Structures are given as C-alpha cells and as structure tokens.
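Worksheet: one structure, shown below.
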Amino acid sequence: MSLTQSLTELLRPAVEKAGFFLEEVLLTSPGNHRILTCVVDGSKPLNLDEVTVVSRLISELLDETTLIDDTFTLEVTSPGVDRPLTERRHWEKNLTRIIAMVMSDESSLTARLTELRESDATFIENIKGRMKTHTVLLADIKRAQVQVEFSRKEDN
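Numbered per this note's numbering, the sequence shown spans residues 259 to 414.
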C-alpha cells in the first residue's frame, strides 16, 4: 500500500465523522520539502471556519502517526470548480448549475441541471434565448464539469 493510500485510510473516517468528505490526498516533494494536500468537500460549499476545523482535525491525526516522519507542510483545501462531477453527491450539490458534459458517444451538451433522479437527469439548454429540455441517462455521461457563471439570470 502506498503512503498516500495509508494516509487516506487514516484520515477518511475522521473527516467523514466530522461531516465532510475527503476527496483526495496528495503528497508532493518539491525540492527537499514535502507538501501534504488534503482536498475536503461538504454537502454545501465549505466556508473558512469549516476548513479550519478539518485542518485541525487532520493535523491532530497526523501528529499521532508515524506515517510521515519528515517535516512537511499540510494544506487543506476544497475542490476547485474545475473538479469533474464523479459522485452522485457532486451532482446533488450542483443542482441548478450549468454543467458541460461529454457523452459516451463523444457528443457534448452544456445545460442547466434542473432535476436529478436515480438514473437520469433533466437539463435545460439555452439556445439563443430558446429553452430546450433534455433528459439524459447518467450512465451516458462520460465527463461532466460545472461551468462558472459570473452573472446569472434566474430564468435561465
């Protein structure tokens, strides 16, 4: 088992018990220094206080283990907007957001997620002011990513 996997197994249960999700653990070594990055998410976007709570929790766990014996820097962060939607909870969290998708057949669709069901979802595509509804099987979506909206009209 790799060090990253061991760290993930150590940290995930405590992070989840605190009500968050441990998305990823990365260990990098630029030069002579190690950086441990923990990507943490929640059912809603994390605020600074929540990141601080999780950071302290992870730091305490790491202080009690011998998995990393060198000095390192701990970075706790939330996922960026460019994170792919890979889990159902990612989709639930982004209901009403615009999603860019590539389908299994390599076609693409960029539309607003309006409804999420067990095996499919409804999207509304804005084509030059005309709204077109799409029902898409989740299994047919190869890749999906939230699109940033700087100003949003509520009727989109």
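Every residue gets a Cβ at the ideal spot worked out from N, C-alpha and C, and that includes glycine.
Bear in mind the structure is a predicted one, so any value in this text is a computation, not a measurement.
{"Query": "Residue burial classification, F381 (beta-carbon count within 10 angstroms, cutoff 16)", "Result": "buried"}
{"Query": "Inter-residue Cα distance where the pair is D413 and G338", "Result": "With a pLDDT of only 45 at D413, under 50, the local geometry of the prediction cannot be trusted, and no value is derived from it."}
{"Query": "Bridge-paired residues (DSSP) for V360", "Result": "S366 and R401"}
{"Query": "Reference D418, options L395, R346, N384 and E345, closest by Cα", "Result": "Lying outside 259 to 414, the shown extent of the chain, residue 418 is not represented and no answer is given."}
{"Query": "Residues that I382 bridges to, as DSSP identifies them", "Result": "R370 and T391"}
{"Query": "A358 to S365 span [Cα, whole Å]", "Result": "11 Å"}
{"Query": "Straight-line Cα distance separating R388 from V334", "Result": "42 Å"}
{"Query": "contact_flag[the stretch 283-296, the stretch 321-335] where n(CB pairs < 8 Å) is 3 or more", "Result": "yes"}
{"Query": "Alpha carbon of I237 to alpha carbon of L353, nearest angstrom", "Result": "Shown here, the chain extends from 259 to 414; a query on residue 237 therefore has no answer."}
{"Query": "C-beta atoms of V283 and T310 nearer than 8 Å", "Result": "no"}
{"Query": "D299 - DSSP class collapsed to helix/strand/coil", "Result": "strand"}
{"Query": "Local Cβ density within 10 Å of L343, reported as buried at 16 or more and exposed below that", "Result": "buried"}
{"Query": "Enclosing alpha helix (DSSP H) for L320 [first to last residue]", "Result": "L306 to D321"}
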